[in-house]
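Scroll down for the structure; my scribbles are underneath it.
Numbering (this note's numbering), first residue to last: 1165 to 1615.
Below is the structure:
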């Protein structure tokens, strides 16, 4: 009882100190940081994903062109390369989407040969990077050989094969997962790339649209082939997907809330709450992918457009890396590509077009990959409007990240436990004394090791 009374008066004293602390002009008052459960000290696997659309690479041989960039990709801290669909695309009713698959066991010859793909996978693994392929289980193109097996597809009341219901996907035919033969053929095709090419797994398109029992069966059989290094990413946000055998999920809500934050539609506390909700129900070690863009989002607008310029886009990326989860980079964002980027067709990019911006990406990711706190640490957040303020704590270090989400200078009070203390600025490795009030230029970010 005495201990409880003592704790009670300590809490009152802390509240009094916070309430009586003077505010500064143009400065936000920090509340005591609160933990964001259920993110814990030891998160588990440390994936950094690089999403590759082969259509952004050389017309002659995209696979070889990607192979030639592996060192640059590795310098971003990447240990998982996700290749968007590399299969032969359909022609009938086609609109150019790589998600319209004509042959699940044949590479798209526009990207190179099967041997070129094998070489890419082998070279990536030699640099300690896993390779996963995009897998489209929900539907095929209209000229896929499977179409001759009418019962393998969903049909209307008149017996006509139909496109997936509820979507504007007229270029594809919906598969019928009640058909055992189709399911067997699908799993056989998934095994093919694991055994013949050596890929480590799949990013599964529209995973929520495919029955759970299929995923459980398919993933179980794939794990018999790759017992220790199978990696399965679900394009979906429902936590129950993890019980099917998937290793990690998308974080759609967080990604769109991040855009809303920069658009002035929400405050920082709403972003924190979204992160917390996305991790509700997840067990220790289970992860969501964190990103500021992907191929779907970039087809509407580039990060440069979404986040009000290069500086805004960079600061948003820092938030996506710092908030916990598995960071993902979509190939093109590290060069600051400033226009919408369709993944229907080819659009070859110049990967050396913005070297200083790319170097900044590499620096941020170098900080991330070398910091246990940023990769695994528990998360505490601070109530600093317009400035995302995060403390990541692991057993050996504490890292304080502050990101100005506005195109205006902001002043924020340094958390009381770190004010006037020494810290290492991880952006330049210089030791400095943190002031009581930190001034952040428009879209500026700071990353300090405070312990």
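Cβ coordinates follow ideal geometry from the N, Cα and C atoms, glycine included. Since this is a predicted model, take the numbers as computed values, not measurements.
{"Check": "DSSP state of residue 1589, grouped into three classes?", "Outcome": "strand"}
{"Check": "Would you give the residue range spanned by the alpha helix (DSSP H) that residue 1292 belongs to?", "Outcome": "Taken as a continuous stretch (DSSP letters only), residue 1292 belongs to no alpha helix (DSSP H), as it is neither H nor E."}
{"Check": "Pairs of beta-carbons, one from the segment 1526-1546 and one from the segment 1482-1490, closer than 8 Å: are there three or more?", "Outcome": "yes"}
{"Check": "Using three-state DSSP, classify residue 1398 as helix, strand or coil.", "Outcome": "strand"}
{"Check": "Starting from residue 1337 and walking both ways along the beta strand (DSSP E), at which residues does that stretch end?", "Outcome": "1336-1338"}
{"Check": "State buried or exposed for residue 1594, treating a residue as buried only when at least 16 other CB atoms are found within 10 Å of its CB.", "Outcome": "exposed"}
{"Check": "Quick check: the Cα distance between residue 1421 and residue 1597, rounded to an integer number of angstroms?", "Outcome": "33 Å"}
{"Check": "With DSSP run on the structure shown, which of helix, strand or coil describes residue 1270?", "Outcome": "strand"}
{"Check": "Assuming residue 1253 is part of the beta strand (DSSP E), what are its boundary residues?", "Outcome": "1251-1253"}
{"Check": "How should residue 1380 be labelled, buried or exposed, when 16 other C-beta atoms within 10 angstroms of its C-beta is the threshold for buried?", "Outcome": "exposed"}
{"Check": "Go ahead and pull the three-state DSSP assignment for residue 1450.", "Outcome": "coil"}
{"Check": "For the beta strand (DSSP E) that contains residue 1303, what are its first and last residues?", "Outcome": "1303-1305"}
{"Check": "Would the beta-carbon of residue 1220 fall within 7 Å of that of residue 1513?", "Outcome": "yes"}
{"Check": "Taking a contact to mean a Cβ-Cβ separation below 7 Å, would you say residue 1415 touches residue 1452 in this structure?", "Outcome": "yes"}
{"Check": "Starting from the C-beta of residue 1191, find all residues in its chain whose C-beta is less than 8 Å away, skip the five residues before and the five after it, and write them out in chain order.", "Outcome": "Any reading at residue 1191 needs caution, since the residue's pLDDT is 38, under 50, leaving its predicted position unreliable; the model's value is listed next. Cβ within range, chain order: 1575, 1576, 1577, 1601."}
{"Check": "Since residue 1356 is in the alpha helix (DSSP H), which residue starts that stretch and which ends it?", "Outcome": "1344-1356"}
{"Check": "If we ignore side chains and look at the alpha-carbon of each, how far apart do residue 1214 and residue 1321 end up?", "Outcome": "43 Å"}
{"Check": "Since residue 1230 is in the alpha helix (DSSP H), which residue starts that stretch and which ends it?", "Outcome": "1226-1232"}
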